[in-house]
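The sequence shown begins at 25 in the numbering used here and counts up one residue at a time.
Built from N, CA and C at the ideal position, the CB exists for glycine as well.
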Amino acid sequence: MKYKNTLKNNAQTNVKNTSLNNIKHKNGQVSIFIVIGIILIVVVTFLISNSNFELFESKETKLINQVTDIVDFCIQKHAEQGLFILGIQGGTIQLSQAQLSIPRNHIDLGFKIPSWELGLNQVPTISSMQTQLNEHIQDSAQVCIISNLDKLSDIFEFQDFQELQIESKINQNNVVIESNFPITFSQINSESVLSTENYFLKLENNNLGDLYKLAVEIYSTETRNDILSNLVLDQIYSAGDYSTKNSMPTEGFSFSCAKRVWTKTQLKSNLVNLNNNNFKLLHFEGTMPIDNLYDVILNDETFQEDSVNYYKNFYTFTLEDTSSSFKNYKVEISMPTTQSTQKGNYFQKDRFRNFEVTPSDGELVQSTDMKIDVGGGKFGLSIPIPCVQLFHHLYTLDYDLLVKITDYSEDGNKNIFQFPLRVEINNNAPSSETPFTLPQTTQNTKLTATDTKFCAPENRMREELIYVVDKNTDETLDNANVTYECVALSCNVGSTSRAGTHGVYTTAESSLKTNLPYCVGGTLTAKKEGYFSTKTRLDTNPSAPKNTQGHQRIELISKKSFQLNENSIFVSYPSSGGGKRIETEDDGMMFISIKNKEYDFSSQGLWPTEIGVMDTLEFLEIEDIIYEVSVVLTNSDSELIGIFELKNWTPQIHNGNSIKIIIPATMNELKEENFIDFYEISNKLVKGELNIGGENYGISFE
Numbered sequence: 025m026k027y028k029n030t031l032k033n034n035a036q037t038n039v040k041n042t043s044l045n046n047i048k049h050k051n052g053q054v055s056i057f058i059v060i061g062i063i064l065i066v067v068v069t070f071l072i073s074n075s076n077f078e079l080f081e082s083k084e085t086k087l088i089n090q091v092t093d094i095v096d097f098c099i100q101k102h103a104e105q106g107l108f109i110l111g112i113q114g115g116t117i118q119l120s121q122a123q124l125s126i127p128r129n130h131i132d133l134g135f136k137i138p139s140w141e142l143g144l145n146q147v148p149t150i151s152s153m154q155t156q157l158n159e160h161i162q163d164s165a166q167v168c169i170i171s172n173l174d175k176l177s178d179i180f181e182f183q184d185f186q187e188l189q190i191e192s193k194i195n196q197n198n199v200v201i202e203s204n205f206p207i208t209f210s211q212i213n214s215e216s217v218l219s220t221e222n223y224f225l226k227l228e229n230n231n232l233g234d235l236y237k238l239a240v241e242i243y244s245t246e247t248r249n250d251i252l253s254n255l256v257l258d259q260i261y262s263a264g265d266y267s268t269k270n271s272m273p274t275e276g277f278s279f280s281c282a283k284r285v286w287t288k289t290q291l292k293s294n295l296v297n298l299n300n301n302n303f304k305l306l307h308f309e310g311t312m313p314i315d316n317l318y319d320v321i322l323n324d325e326t327f328q329e330d331s332v333n334y335y336k337n338f339y340t341f342t343l344e345d346t347s348s349s350f351k352n353y354k355v356e357i358s359m360p361t362t363q364s365t366q367k368g369n370y371f372q373k374d375r376f377r378n379f380e381v382t383p384s385d386g387e388l389v390q391s392t393d394m395k396i397d398v399g400g401g402k403f404g405l406s407i408p409i410p411c412v413q414l415f416h417h418l419y420t421l422d423y424d425l426l427v428k429i430t431d432y433s434e435d436g437n438k439n440i441f442q443f444p445l446r447v448e449i450n451n452n453a454p455s456s457e458t459p460f461t462l463p464q465t466t467q468n469t470k471l472t473a474t475d476t477k478f479c480a481p482e483n484r485m486r487e488e489l490i491y492v493v494d495k496n497t498d499e500t501l502d503n504a505n506v507t508y509e510c511v512a513l514s515c516n517v518g519s520t521s522r523a524g525t526h527g528v529y530t531t532a533e534s535s536l537k538t539n540l541p542y543c544v545g546g547t548l549t550a551k552k553e554g555y556f557s558t559k560t561r562l563d564t565n566p567s568a569p570k571n572t573q574g575h576q577r578i579e580l581i582s583k584k585s586f587q588l589n590e591n592s593i594f595v596s597y598p599s600s601g602g603g604k605r606i607e608t609e610d611d612g613m614m615f616i617s618i619k620n621k622e623y624d625f626s627s628q629g630l631w632p633t634e635i636g637v638m639d640t641l642e643f644l645e646i647e648d649i650i651y652e653v654s655v656v657l658t659n660s661d662s663e664l665i666g667i668f669e670l671k672n673w674t675p676q677i678h679n680g681n682s683i684k685i686i687i688p689a690t691m692n693e694l695k696e697e698n699f700i701d702f703y704e705i706s707n708k709l710v711k712g713e714l715n716i717g718g719e720n721y722g723i724s725f726e
């Protein structure tokens, strides 16, 4: 019995526990439903209290949204289109009739970029861009809206449309468009009238306002300092290798019996190549770096080692007003072209407002025969020197370069803003009188492209000890005038001396201790009577290391001079065996030029001439030095009768103190058809490779 009662009690206990658990489970479920219900009540109450939200979109709202979606689409489409046009057309959507009517008053690339400098108040403002954007959206978007609403004519009946009103605001990093376009309509077969009126659009990540700010800063910096015109002149002067068709004639001469000839069309193409190959390395500090372009130069064998330093020094400029966002903007300057060849030569429409080269003959630009003025005064003579071509050409230019700013920020969508910058040069001088600005030094001191500013005391921050020595004896030289040069700039920094007081010298060696101007890639030279100066390369950038020797050394090479006179120049006729001395102009005239490439040394002589007028020929006093020599001879009628050239000539100047030149010649004028044969024979006679008549032709010293 006891066992049975135990089972009974256990059974009763289990029943009670089960019932209790069921009751607790049901209570838990009720609690969950209560919580959910409370949450729903709160959410619904919040949504209903929010006037901008409808829990269940009404039929009227759906109908209105069909219309407003079209309005929003058209406004956004034509707003983005207008902003794009503002960017690619320099802040202008529609050019004025005046801008279109003046030839080359805009850059035509299929779209038209108006000049900012021709005419008054041509630089756009944020306000003018907003006005143009408003007009563009109003004109274009309204047509788009009405056209698309017409497609709903089987659903809606629209009342007469009013004018679309647009108010835009171009901010630094976004554009806001507020619109008003009242639309009243009703559904077909419905008496319910619906309407919509105001619209709002915000275009995020459109940095047109910030790109425009950078454009205006670049424009202001350039127009204040005339950067581009000065650099264009530098590019023209750098293209002085007249043996190539890519050259630009400026100053100097070359040895050639034939004239050097260019067409203006060819020179325009050469200038475009110079602009595009150099201006791609122009950089404004604070904008996107161009180190990748410097790397290309360093890996290109056609560039010299100091090319990168040159571009960093003279093609890098500082903006007065910068922004941290500018670092995401790439600035490119070019002469717009239509296409380029594989060799990098550009072909383009003629975009020059003015392109004049003086002297020229119509379309042709050519060298002139060199002449020497002898006698002076009213009876002076101008004597032509055959086979010497002279260059003295002046350029008058007016054209636009294109500045393209591209947004490479993370969310910038590569938006662009581009505008023109004017290059204006008058007879090899920038039209503006303001010199251009050189890069800033670490002390924030600006240098300008004039010798006076370059050499100003506040810009001379690098102290150097300089010795000027005789290359042959290694002795220091007194009274050597030292100059520091930086491309086209020059600064006379002083003369060497032995420091002392009242005639008592405190140092045994002559020297100069002075401060030099800032320059990357500058050169030191010195002048002293009877000497020729070599060049010492020196960077005066404050961060550049000092010479390990603690000083700079400039070597001067002594020169030996030989007087040209009636006992110096002889003419010999190989064909007849005769000859004569050149004493007066009736006997003819000789012109000689010698050149050494290693030291960039040259000397010219003329005979007959007046005393002191090219009557001395100078040589460097260095053993085994090699010269190139050119000699031409004319008769009394200025006709070419003699010529020879030596490419690797080593003179024995220590053999004597006088010079003797014997020139192979013809009795009559040397004609073009006979020139090559005579030229080859003459050179062989001078070199001793051919013996006719037993004469020792060429140059000797006695």
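_Relative to the C-alpha of Phe478, which candidate in Ile170, Thr564 and Lys193 has its C-alpha closest?_
Thr564
_Between the CA atoms of Ser455 and Met638 - distance to the nearest angstrom_ = Cα to Cα, the separation comes out at about 37 Å.
*Within the stretch 162–203, note down every full beta strand (DSSP E) run reaching 3 residues or more, in order along the chain.*
180–182 and 189–194
*Thinking C-beta only, is Gly680 closer than 7 Å to Glu719?*
no
*Reducing DSSP to helix, strand and coil, say where Glu228 ends up.*
strand
*asked:* Nearest by alpha-carbon distance to Arg522: which of Thr690, Leu536 and His102 is it?
replied: Ranking Thr690, Leu536 and His102 by Cα distance to Arg522 puts Leu536 first.
*Unbroken stretches of the beta strand (DSSP E), 3 residues or longer, contained in the stretch 660–694*: 664–673 and 683–688
*asked:* Taking the beta carbon of Glu246 as the centre, do at least 16 other beta carbons fall within 10 Å, making it buried, or is it exposed?
replied: buried
*Identity of the residue in Thr497, Phe625 and Phe205 nearest Ser557 by Cα*: Phe625
_So Ser534 and Asp502 are supposed to be a Cβ contact under 8 Å. How far apart are they, rounded?_
The Cβ separation is near 5 Å, so the contact holds.
_For Cys479: DSSP bridge partner residues_ = In the DSSP output, where bridge partners are listed per residue, Cys479 has none listed.
*CB of Leu414 within 7 Å of CB of Ile357, strictly*: Their beta carbons are not under 7 Å apart, which means Leu414 does not touch Ile357 by this criterion.
*Could you tell me if Pro313 is buried or exposed, where buried requires 16 or more neighbouring beta carbons within 10 angstroms of its beta carbon?*
exposed
*Output the distance between the C-alpha atoms of Asp96 and Asn172, rounded to the nearest integer angstrom.*
Distance from the CA atom of Asp96 to the CA atom of Asn172, rounded to whole angstroms, is 12 Å.
*Alpha carbon to alpha carbon, how far is Asn249 from Met485?*
23 Å
*asked:* Could you tell me the alpha carbon to alpha carbon distance between Ser348 and Leu305, rounded to whole angstroms?
replied: Cα-Cα distance, rounded: 21 Å.
*Thr560 - containing beta strand (DSSP E), residue span*: Thr560 to Leu562
*Sort Ala239, Tyr266 and Met272 by Cα distance to Val256 and report the nearest one.*
Minimum Cα distance to Val256 is reached at Met272.
*So Ile440 is in the beta strand (DSSP E); what residue range does that whole segment cover?*
Ile440 to Ile449
*Please determine, among Leu252, Leu418, Ala453 and Glu221, the residue with the shortest C-alpha to C-alpha distance to Leu291.*
Leu418
*asked:* Phe586 and Ile732 - do their beta-carbons sit closer together than 7 Å?
replied: In the structure displayed, the chain extends from 25 to 726; residue 732 sits before or after that span and is not available.
_Rounded Cβ spacing between Ala504 and Ala550 (contact assumed at less than 8 Å)_ = 4 Å
*Could you tell me whether the stretch 664–675 touches the stretch 684–698, where touching means 3 or more Cβ pairs closer than 8 Å?*
Below 8 Å, enough C-beta pairs join the stretch 664–675 and the stretch 684–698 to call them touching: three or more.
*asked:* Check for me: the alpha helix (DSSP H) holding Tyr419 runs from which residue to which?
replied: Per DSSP, Tyr419 belongs to no alpha helix (DSSP H); it is in the beta strand (DSSP E), Leu418 to Asp431.
*What do you get for Pro360, buried or exposed, if any count of 16 or more other CB atoms within 10 angstroms of its CB means buried?*
buried
*If you draw a straight line from the C-alpha of Tyr491 to the C-alpha of Lys583, how long is it?*
19 Å
*asked:* Restricting to Cα atoms, I'd like to know which of Thr608, Ser654 and Glu607 is closest to Gly629.
replied: Of the candidates Thr608, Ser654 and Glu607, the one whose C-alpha sits nearest the C-alpha of Gly629 is Ser654.
*How is the alpha helix (DSSP H) around His102 delimited, first residue to last?*
Lys83 to Ile112
*Which residue or residues does DSSP assign as beta-bridge partners of Gly629?*
Ile616
*When the Cα atoms are used, what is the spatial distance from Val710 to Tyr703?*
11 Å
*Between the stretch 328–343 and the stretch 259–269, do three or more beta carbon pairs fall short of 8 Å?*
Contact fails: fewer than three Cβ-Cβ distances are below 8 Å.
_Applying the 10 Å Cβ sphere with the 16-neighbour rule, what's the burial state of His102?_
buried
*Counting Cβ pairs, one atom from each stretch, are 3 or more of them under 8 Å apart for the stretch 385–394 and the stretch 429–445?*
no
*Can you name the start and end residues of the beta strand (DSSP E) that Phe279 belongs to?*
For Phe279, the enclosing beta strand (DSSP E) begins and ends at Glu275 to Phe279.
*asked:* What ranges does the beta strand (DSSP E) occupy inside the stretch 493–523, keeping only unbroken runs of at least 3 residues that lie completely in it?
replied: 505–510 and 513–519
*Whole angstroms is fine: what's the gap from Asn213's alpha carbon to Phe182's?*
13 Å
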